[in-house]
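*Asks:* Mind looking over this structure? Questions follow.
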Amino acid sequence: MRCSRWKVSACLLASLMAGLVPSGALAAPDSEVVDTPEQVAYTGWVDEDGEPCEPAEAVGWLDEDVPARSKFFYDPDTVAWYWAEADTTIARDREAFVPVDNDVAGEAWEQATDEWRIEHGKWVHLGEDGAVDYGFLLITDEDGSQKWVFCDYVTGEMAHGERYIDDSHGDEAGWMYFDPITGAVDYGWAWLPDSNKWVYYHEITGRMCYGSLMIEGKPYYLDTTTGERLASEEVAARLISVAASQNGITDGGRYQDRVVAGGGTANHMGPCAAFVYWCFQEADMKYQFMNGAASSFPHEIADWYRNEGRLESTPKPGDIWLTDQPAFRPWAGASEGTHAGIVASVAPDGKTLYVWEHIYGRVQLLYEDLYIPEGSITGFARPYYND
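In terms of mature numbering (1 follows the signal peptide of the UniProt record, and there is no 0), the sequence shown is residues -27 to -1, 1 to 360.
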């Protein structure tokens, strides 16, 4: 049977459509395969909800999703070290006793005995932002009192006991002493048992002092190398040694010039007292001579030490020997005292003493009778030699 014209057309169209449309074109598409990136562990600050945050709002720190605990951690963004407590909170604005480093931190630190912690721990100070502090800090304690402390520029460890501060970070260099318990800077006199000596720390800077200085109105001499408060005999010996070094010197003008440079006046009667003054200055004992005043007149020396209650009648090495001959007083009305020297030693009989003097045109060691006729010995001025 033949197809009608319209049936043929329909068949032909169907055949063409079948050839143009690919097989399966109406089927559901395959699901697309998407690679999910591996979850990266978080390291950084977190707030109370455990969410990442800025340091100021943080209550903790995560190390690859693990809360930091009883350990130090470093934030490269703030370029600072911090300390996480055992409860994972961040220590702020306080002193803390912590491990010397993270090798003994964490559970080892939490479970350790007190003795072990003392051996492996250190004190640090944490700022308001929690960062470990370095250098000198003025800290206000809970009772309102304040103290200066020092934290090492590398480790942050708070100093206790004796320590040398160098100038590599702009600090004044010198030895200091920090309280063994509180770490506070110490000032004034201090006994150092390990060194078996008394030293003095400046009342403002806290640095160890050296040489001749006035402390609470009195002159002291401290060893120029060790800072030790020397015994009286040692200080006197230093002066005597300088006087002996001038044996035979004829240039009296050098001694007078030193007095003038120190603010005094040259003595037209001679350089005997100026020689005494020069020896004190050369021995770095400025304040042992009249608390730092300058004089070339024996009667001024006698008057000053008499007023201080230190003009003695019996001599000791290091005393200033003072005699008087009224005819040689520098002017009318001048008080008693026309010659001066430095007592080097006293003979065992107590009657003869040896004195360094500038007399007869040169410096020399003379022996003098303690009992010069007519009572011409004014007295023995006794400088304060740490006694």
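Idealized CB from N, CA, C, for every residue including glycine.
(1) Kindly indicate the opening and closing residues of the beta strand (DSSP E) around Trp54.
(2) Which partner residues of Lys170 appear in the DSSP bridge assignment?
(3) When you compare only the Cα positions, how much space is there between Thr296 and Gly221?
(4) Can you give the beta carbon distance from Gly314 to Cys245, rounded, assuming they're within the 8 Å contact cut?
(5) Just how far apart, CA to CA, sit Asp106 and Gly100?
(6) Following the continuous beta strand (DSSP E) through Val71, name the residue where it begins and the one where it ends.
(7) Using a Cβ-Cβ cut-off of 7 Å (strictly less than) and excluding sequence neighbours within five positions of Cys26, which residues of its own chain qualify?
(8) Alpha carbon to alpha carbon, how far is residue 394 from Leu326?
(9) Which value, in whole angstroms, describes the spacing of the CA atoms of Ser43 and Phe151?
(10) So, for Glu30: in the same chain, excluding its five sequence neighbours on each side, which residues have a beta-carbon less than 6 Å away from its beta-carbon?
(11) Can you list, in chain order, the residues of its chain with a C-beta nearer than 6 Å to that of Val319? Leave out the 5 residues immediately preceding and following it.
(12) Which residues share a DSSP beta bridge with Ser185?
(13) Report yes if the CB atom of Ala216 is closer than 8 Å to the CB atom of Gln229, and no otherwise.
(14) Is it buried or exposed for His98, if we count other Cβ within 10 angstroms and need 16 for buried?
(15) Taking buried to mean at least 16 other C-beta atoms within 10 Å of its own C-beta, is Lys259 buried or exposed?
(16) Using three-state DSSP, classify Arg211 as helix, strand or coil.
(17) Over the uninterrupted beta strand (DSSP E) stretch that includes Glu330, give me the two end residues.
(18) Below 8 Å between beta carbons: does that hold for Ala275 and Thr351?
(19) So, with DSSP's three-state summary, where would you put Glu177?
(20) Pro299: buried (16+ other C-beta within 10 angstroms of its C-beta) or exposed?
(21) Whole-angstrom Cβ separation of Lys95 and Val77, contact assumed at under 8 Å?
(22) DSSP on Phe262, reduced to helix/strand/coil?
(23) What would DSSP say about Asp125, mapped onto helix, strand or coil?
(24) How far does the beta strand (DSSP E) with Glu135 in it extend, from its first residue to its last?
(25) Assuming the contact rule is C-beta atoms closer than 8 Å, Ser205 and Tyr358 should be a hit. Round their C-beta distance to whole Å, please.
(26) Curious, which full-length beta strand (DSSP E) runs of at least 3 residues does the region 227 to 307 contain?
(27) Less than 8 Å between the beta carbons of Asp38 and Tyr15, yes or no?
(28) Nearest by alpha-carbon distance to Phe70: which of Ala209, Val13 and Glu58 is it?
(29) What is the residue span of the beta strand (DSSP E) that Arg202 lies within?
(30) Identify which residue in Glu115, Gly117, Asp116 and Asp144 has its Cα closest to the Cα of Cys124.
(31) Does DSSP put Asp87 in a helix, in a strand, or in coil?
(32) Quick one: what does DSSP say Ile341 is sitting in, helix, strand or coil?
(33) Out of Ile63, Ala163 and Arg231, point me to the one whose CA is closest to Asp102's CA.
*Replies:* So, from the data block:
(1) One-based indexing of the sequence shown puts residue 54 at position 81. Following the DSSP letters along the chain, one finds Trp54 inside the beta strand (DSSP E) bounded by residues Ala53 to Ala57.
(2) Stepping through the sequence shown from its first residue, residue 170 is reached at position 197. DSSP lists Leu165 as the bridge partner or partners of Lys170.
(3) Within the sequence shown, numbered from 1, the residue matching residue 296 stands at position 323. Within the sequence shown, numbered from 1, the residue matching residue 221 stands at position 248. The alpha-carbon atoms of Thr296 and Gly221 are separated by roughly 22 Å.
(4) By 1-based counting over the sequence shown, the position of residue 314 is 341. By 1-based counting over the sequence shown, the position of residue 245 is 272. Confirmed, about 7 Å.
(5) As a working mapping, residue 106 is identified with position 133 in the sequence shown. As a working mapping, residue 100 is identified with position 127 in the sequence shown. Approximately 6 Å, taken between the alpha carbons.
(6) On the sequence shown, position 98 is the one that residue 71 refers to. Where Val71 is concerned, the enclosing beta strand (DSSP E) stretches over Arg67 to Pro72.
(7) For this step, residue 26 is matched to residue 53 along the sequence shown. Once the five neighbours on either side are set aside, the close Cβ partners of Cys26 are Trp18, Val19 and Asp20.
(8) In this structure the chain extends from -27 to 360, so residue 394 is not present and cannot be described.
(9) As a working note, residue 43 is residue 70 in the sequence shown. As a working note, residue 151 is residue 178 in the sequence shown. Ser43 and Phe151: Cα-Cα distance of roughly 27 Å.
(10) Here residue 30 is taken as the residue at index 57 of the sequence shown, counted from 1. Excluding sequence neighbours, Glu30 sits near Asp20.
(11) The residue labelled residue 319 in the question sits at position 346 within the sequence shown. In the same chain as Val319, and ignoring 5 residues on each side of it, the C-beta atoms closer than 6 Å to its own belong to Pro288 and Leu326, in chain order.
(12) On the sequence shown, residue 185 is found 212 positions in, with the first residue counted as 1. Paired residues: Tyr194.
(13) Translated into positions along the sequence shown, residue 216 becomes position 243. Translated into positions along the sequence shown, residue 229 becomes position 256. Contact flag unset, no.
(14) What you label residue 98 is simply residue 125 of the sequence shown in a count that begins at 1. By the neighbour-count definition (other C-beta atoms within 10 Å, threshold 16), His98 is a buried residue.
(15) Taking the first residue of the sequence shown as 1, we reach residue 259 at position 286. In summary, Lys259 is buried, with 16 or more beta-carbon neighbours lying within 10 Å of its beta-carbon over all protein chains present.
(16) Counting from 1 along the sequence shown, the entry for residue 211 is found at position 238. Helix at Arg211.
(17) Reading the sequence shown from its first residue, position 357 is the one you call residue 330. Counting along the chain, the beta strand (DSSP E) containing Glu330 begins and ends at Thr325 to Ile332.
(18) Along the sequence shown, read from residue 1 onward, the residue named residue 275 stands at position 302. Along the sequence shown, read from residue 1 onward, the residue named residue 351 stands at position 378. Closer than 8 Å, so yes.
(19) In the sequence shown, counting from the first residue as 1, residue 177 sits at position 204. Residue 177 is actually Ile in this sequence, not Glu. The DSSP-derived three-state label of Ile177 is coil.
(20) One-based indexing of the sequence shown puts residue 299 at position 326. Exposed is the label assigned to Pro299, since fewer than 16 other Cβ atoms lie within 10 Å of its Cβ.
(21) The residue given as residue 95 occupies position 122 in the sequence shown. The residue given as residue 77 occupies position 104 in the sequence shown. 11 Å between Cβ atoms; not a contact.
(22) Taking the sequence shown and counting its residues from 1, one reaches residue 262 at position 289. It is coil, neither helix nor strand.
(23) Residue mapping note: residue 125 aligns to position 152 of the sequence shown, counting from 1. DSSP places Asp125 in the coil class of the three-state scheme, outside both helix and strand.
(24) If you number the sequence shown from 1, residue 135 lands on position 162. Element bounds for Glu135: Gly134 to Ile138.
(25) Counting from one through the sequence shown, the residue named residue 205 turns up at place 232. Counting from one through the sequence shown, the residue named residue 358 turns up at place 385. Rounded, the Cβ-Cβ distance is 4 Å, consistent with contact.
(26) For the region 227 to 307, whole beta strand (DSSP E) runs of length 3 or above, ordered along the chain, are 293 to 296.
(27) For the purposes of this step, residue 38 is identified with residue 65 of the sequence shown, where counting begins at 1. For the purposes of this step, residue 15 is identified with residue 42 of the sequence shown, where counting begins at 1. The beta carbons of Asp38 and Tyr15 sit closer together than 8 Å.
(28) For the purposes of this step, residue 70 is identified with residue 97 of the sequence shown, where counting begins at 1. Nearest option by C-alpha distance: Glu58.
(29) Position 229 of the sequence shown, counting from 1, holds the residue named residue 202. No beta strand (DSSP E) contains Arg202, which DSSP labels as neither H nor E.
(30) For the purposes of this step, residue 124 is taken as residue 151 along the sequence shown, with counting starting at 1. Distances from the alpha-carbon of Cys124 to those of Glu115, Gly117, Asp116 and Asp144 put Asp144 closest.
(31) On the sequence shown, position 114 is the one that residue 87 refers to. Residue state, collapsed to three classes: helix.
(32) Position 368 of the sequence shown, counted from the start, is the residue given in the question as residue 341. In the sequence as presented, Ile is not what sits at residue 341; that position holds Glu. Correct three-state label for Glu341: strand.
(33) In the sequence shown, the residue the question calls residue 102 occupies position 129. Among Ile63, Ala163 and Arg231, the Cα nearest to that of Asp102 belongs to Ile63.
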